[in-house]
Amino acid sequence: MSPAVPPGKALPVVLPVPITPENFVRWGQVVRLPDVDPNAVQVNQGTAQKFSHLAEFVNLRPALTDTANPNPSLTPATANIAIFKCHQPVATAQFEIKLLERHPYSSQMFMPMGGDGNGRYVVVTAENGEDDKPVLSTLQAFRCDSSVGINYKPNVWHHPMIVVEKPVQFMTITHESGVALEDCEEYWFTQESGEQGGAAAAIQLHA
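Counting with this note's numbering, you get residues -9 to 197 for the letters of the sequence shown.
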């Protein structure tokens, strides 16, 4: 973790960069139509193309139907296909980071519904430290539009989705068991910010 931000001192500011498959690879995959895919196949009587294996859908817990549970200490998990309706775009120039979360045993995919590229959002990630907490100094931010989705690897620290300019609806897929800390762990930057519920960094969203 990083040291606390002294009272009255300006927050460290992170500038988002345009997301690419290459700069996001340590955190997961960018889900989009490939520019070139030699494995694409014609389907639906030749009226469509199928692009397969665009992301790694990972479940590190046993499936609910697995009778030979390899890890009985973990509750079985099933895939939850849900919709996140992110209806409050951020209008301020900066967005304060007060917490990060991770899903220890599951990947998590966010795919914008519509895909016209007009709904923009920002993804924020951070490394895990030796103390098993996010490292504030490693915060990264990525600019995305609604023509692409993202898929987090299991155990990646990230901020809940930040939408800008207009609301965006996302289809999400996550393996969940109903056990809160196994499904989603939160870390609040109370120590780093020096106050309960305080911000430890800011993301620059607008000039």
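Ideal placement from N, C-alpha and C gives every residue a C-beta, glycine not left out.
* Distance, GLU166 Cα to ILE152 Cα -> Looking up residue 152 in the sequence shown gives position 162. Looking up residue 166 in the sequence shown gives position 176. Between ILE152 and GLU166, the C-alpha separation is close to 22 Å.
* Helix or strand or just coil, what does DSSP make of GLU46? -> As a first step, residue 46 must be located in the sequence shown, where it is residue number 56. Note: GLU46 maps to coil in three-state DSSP.
* List the endpoints of the continuous beta strand (DSSP E) containing LEU90. => Along the sequence shown, one-based indexing puts residue 90 at 100. That run of the beta strand (DSSP E) goes 89 to 92.
* Asked: Using DSSP with H/G/I as helix, E/B as strand and the rest coil, what is GLN181?
  -> What you label residue 181 is simply residue 191 of the sequence shown in a count that begins at 1. Reduced to three states, the DSSP call for GLN181 is helix.
* To do: Indicate the three-state DSSP secondary structure (helix, strand or coil) for GLU155 in the structure shown.
  => Walking along the sequence shown from the start, residue 155 turns up at place 165. Three-state result, GLU155: coil.
* Flag PRO94 as yes when its Cβ comes closer than 8 Å to any non-hydrogen atom of the ligand NAD, and as no otherwise. => Summarising the ligand content, the structure contains no ligands, and the ligand NAD is consequently not present.
* Asked: So what's ASP135 in DSSP terms, helix, strand or just coil?
  -> For the purposes of this step, residue 135 is identified with residue 145 of the sequence shown, where counting begins at 1. In this structure, ASP135 counts as strand in the three-state DSSP scheme.
* Taking just the CA atoms, how far does ASN29 sit from VAL40? -> Here residue 40 refers to the residue found at position 50 of the sequence shown. Here residue 29 refers to the residue found at position 39 of the sequence shown. For the record, residue 40 in the displayed sequence is Lys; it is not Val. For LYS40 and ASN29, the distance between alpha carbons rounds to 9 Å.
* To do: Compare the Cα-Cα distances from TYR177 to each of ASP106, ILE163, ILE87, ILE140 and report the closest residue.
  => Here residue 177 refers to the residue found at position 187 when the sequence shown is read from its first residue. Per the Cα distances, ILE87.
* Asked: Is SER183 buried or exposed, if buried means 16 or more other CB atoms sit within 10 Å of its CB?
  -> Within the sequence shown, numbered from 1, the residue matching residue 183 stands at position 193. Label assigned to SER183: buried.
* Ordered along the chain, which non-local residues of its own chain (more than five positions away) have a Cβ less than 8 Å from that of LEU23? -> Here the question's residue 23 lines up with position 33 in the sequence shown. Taken in chain order, the residues that qualify are PHE41.
* Look up TYR111 in the DSSP assignment and give the residues it is bridged to. => Position 121 of the sequence shown holds residue 111. Its beta-bridge partners are CYS134, VAL153.
* Asked: Can you tell me whether PRO11 is buried or exposed, with buried defined as 16 or more other CB within 10 angstroms of its CB?
  -> Here residue 11 is taken as the residue at index 21 of the sequence shown, counted from 1. So PRO11 ends up on the exposed side.
* Check whether VAL169 and THR65 have beta carbons under 9 Å apart -> Residue 169 sits at position 179 when you count from the first residue of the sequence shown. Residue 65 sits at position 75 when you count from the first residue of the sequence shown. Yes, Cβ-Cβ distance for VAL169 and THR65 is below 9 Å.
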